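Participant:
Residue numbers (my numbering): 5 to 386.
1) Helix or strand or just coil, what does DSSP make of residue 119?
2) Anyone know if the C-beta pair for residue 327 and residue 339 falls short of 8 Å?
3) By DSSP, does residue 348 sit in helix, in strand, or in coil?
4) Pick out whichever of 102, 123, 98, 103 has its Cα sitting closest to the Cα of residue 1.
5) CA-CA distance, residue 148 and residue 236?
6) Whole angstroms is fine: what's the gap from residue 265's alpha carbon to residue 102's?
7) Under a three-way DSSP split, which group does residue 307 fall into?
8) Between residue 110 and the rest of its own chain, which residues show a CB-CB distance below 6 Å, the 5 nearest in sequence each way excluded?
9) Compute the Euclidean distance between the alpha carbons of residue 133 and residue 186, then round it to the nearest angstrom.
10) With DSSP run on the structure shown, which of helix, strand or coil describes residue 282?
11) Restricting to runs no shorter than 3 residues, where is the beta strand (DSSP E) found entirely within the stretch 211-266?
12) I need the DSSP call for residue 99, collapsed to helix, strand or coil.
13) Would you kindly work out how many angstroms separate the C-alpha atoms of residue 121 and residue 314, rounded to a whole number?
14) Could you check which residue in 288, 208, 202 has the C-alpha nearest to that of residue 336?
15) Look up residue 192 in the DSSP assignment and give the residues it is bridged to.
16) Go through its chain and collect everything with a Cβ distance to residue 166's Cβ below 6 Å, but skip five positions before and after it.
17) Determine the contact status of residue 225 and residue 279, defining contact as a CB-CB distance below 8 Å.
18) For the beta strand (DSSP E) containing residue 288, name the first residue and the last one.
19) Taking the straight line between their C-alpha atoms, what separation do you get for residue 205 and residue 157?
20) How would you call residue 191, buried or exposed, if buried means at least 16 neighbouring beta carbons within 10 angstroms?
21) Helix, strand or coil for residue 343, going by three-state DSSP, please let me know.
22) So what does DSSP say about residue 183, is it helix, strand or coil?
23) Cβ atoms of residue 384 and residue 138: under 8 Å apart, would you say?
24) Tell me whether residue 268 sits in a helix, a strand or coil according to DSSP, three-state version.
25) Report yes if the CB atom of residue 253 is closer than 8 Å to the CB atom of residue 106, and no otherwise.
26) Evaluate residue 232 with the Cβ neighbour count: other Cβ atoms within 10 Å of its Cβ, from every protein chain shown; 16 or more gives buried, anything less gives exposed.
27) State the start and end residues of the unbroken alpha helix (DSSP H) segment that holds residue 138.
28) DSSP state of residue 379, grouped into three classes?
29) Counting only the same chain and skipping the five closest in sequence on each side, list residues whose C-beta sits under 8 Å from that of residue 69.
30) Identify whether residue 368 lies in helix, strand or coil by the three-state DSSP scheme.
31) Rounding to the nearest angstrom, what Cα-Cα distance links residue 88 and residue 95 in this structure?
32) For the alpha helix (DSSP H) containing residue 161, name the first residue and the last one.
33) Where does residue 104 fall in DSSP's three states?
34) Checking 8 Å against the spacing of the C-beta atoms, do residue 153 and residue 367 come in under that value?
35) Residue range of the alpha helix (DSSP H) that residue 332 falls in?
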């Protein structure tokens, strides 16, 4: 009996030292492939040791160790895999909802918006009214047609894929409030919820990625047509692309942004579409960016511009968020000059761009889950 206890003790000690030493080896030699960190934050770095400034060091080092210890991301992935594959539940319920038929839904900025628990306050609505009255006057004085297009969330278009326990209140949502204020003062609003809801029953395919919170190429194309059809009422000569102008192919792809939170980005778990033009592309890209690039925005993210040589079509400027990324190629063939700018979710007028581009048509494309950013960046207060 004593011999068995000794063997058990030695075995336990051996396992302990193996685990301890393997963690050291992993940090030094990375014998297991590193799994990239998918958290939307910067991980803590090793703090400098300073004998004259010791008080903050223990907490700083603890934060560093919690973020950087060996096998951290492997353990997180194992935890996520067990919850997803064995228990069929979200390992991070404060970030991701596991929906039906493989659909993933992002929680931050979107769940409360769908459930209608984060309505804009009267103060917010007053700020919006004052700011957009100013914008309306600004663009009218310059003779620019100004539009605000609201991109819906996947919750709004595909609520049938949500788990049954996700309920919403029987009241207006933020998008309803926002659109109501803008329409009341005469702003031309393009509510993309209507066209996308109608299209989902007629288009042979999904309009949003299953594993991402963004629309796919089909959804973006439906949105493009809706925006262009409304602009064409004042500019009837504009060419509006139709599906017959493209060869459209469905292709499988790896998981999107929400899947990356779960470290679940294997190939062939989602679908996107390629739109190959059947027409001759006449546009030339504008490089380099003709405007100063904000320090916190990368060169390739801030500005995209195109022009058609000797064209008499009007000019176009769009301020957009991430929902604008795959919609841009469609617009560039409908105007003589197009400029697309991501202003870091501020959705401001950006007077320097207006003066530089001199557009006839100006569109803000904003995601309904980020309408609070429009409020927070109002430049005219009540």
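Ideal placement from N, C-alpha and C gives every residue a C-beta, glycine not left out. Because the structure is a prediction, the values reported are computed rather than measured.
Facilitator: In terms of the structure at hand:
1) In this structure, residue 119 counts as helix in the three-state DSSP scheme.
2) Taking 8 Å as the cut-off, the beta carbon of residue 327 is found no closer than this to the beta carbon of residue 339.
3) Three-state result, residue 348: coil.
4) This structure leaves residue 1 out entirely; the chain is present only between 5 and 386.
5) Taking the straight line joining both Cα atoms gives about 14 Å.
6) Rounded to the nearest angstrom, the gap between the Cα atoms of residue 265 and residue 102 is 12 Å.
7) In this structure, residue 307 counts as strand in the three-state DSSP scheme.
8) Cβ contact annotation for residue 110 (same chain, cutoff 6 Å, sequence separation greater than five): 217, 262, in chain order.
9) If you take the alpha carbons of residue 133 and residue 186, they lie about 7 Å apart.
10) When secondary structure is reduced to three states using DSSP, residue 282 falls in the coil class, being assigned neither helix nor strand.
11) DSSP assignment within the stretch 211-266 yields the following whole beta strand (DSSP E) runs of 3 residues or more, N-terminal first: 250-257.
12) In the structure shown, residue 99 sits in coil (DSSP, three-state: anything other than H, G, I, E or B).
13) Rounded to the nearest angstrom, the two C-alpha atoms are 51 Å apart.
14) Nearest option by C-alpha distance: 288.
15) In DSSP, residue 192 forms a bridge with 151.
16) Contacts found: 103.
17) In this structure, residue 279 lies closer than 8 Å to residue 225 by Cβ.
18) DSSP places residue 288 inside the beta strand (DSSP E), whose first and last residues are 287-289.
19) Spanning the two alpha carbons is a distance of roughly 17 Å.
20) It is buried - the Cβ of residue 191 has at least 16 other Cβ atoms within 10 Å.
21) Residue state, collapsed to three classes: strand.
22) Per DSSP, reduced to three states, the secondary structure at residue 183 is helical.
23) Yes, the pair counts as a contact, with Cβ atoms nearer than the cut-off.
24) Residue 268 falls in the coil class under three-state DSSP.
25) Taking 8 Å as the Cβ cut-off, residue 253 and residue 106 do not qualify as a contacting pair.
26) That one is buried.
27) Segment 126-146, the alpha helix (DSSP H) holding residue 138.
28) Three-state DSSP puts residue 379 in a helix.
29) Summary for residue 69: the model assigns pLDDT 49, below 50, so the residue's position carries little reliability, and this model does not support an answer.
30) Looking at residue 368 - three-state DSSP - the assignment turns out to be strand.
31) The alpha-carbon atoms of residue 88 and residue 95 are separated by roughly 7 Å.
32) Note, residue 161: alpha helix (DSSP H), 158-161.
33) DSSP places residue 104 in helix when its eight states are reduced to three.
34) For residue 153 and residue 367, yes; Cβs fall inside 8 Å.
35) Run containing residue 332: 332-335, per the alpha helix (DSSP H) assignment.
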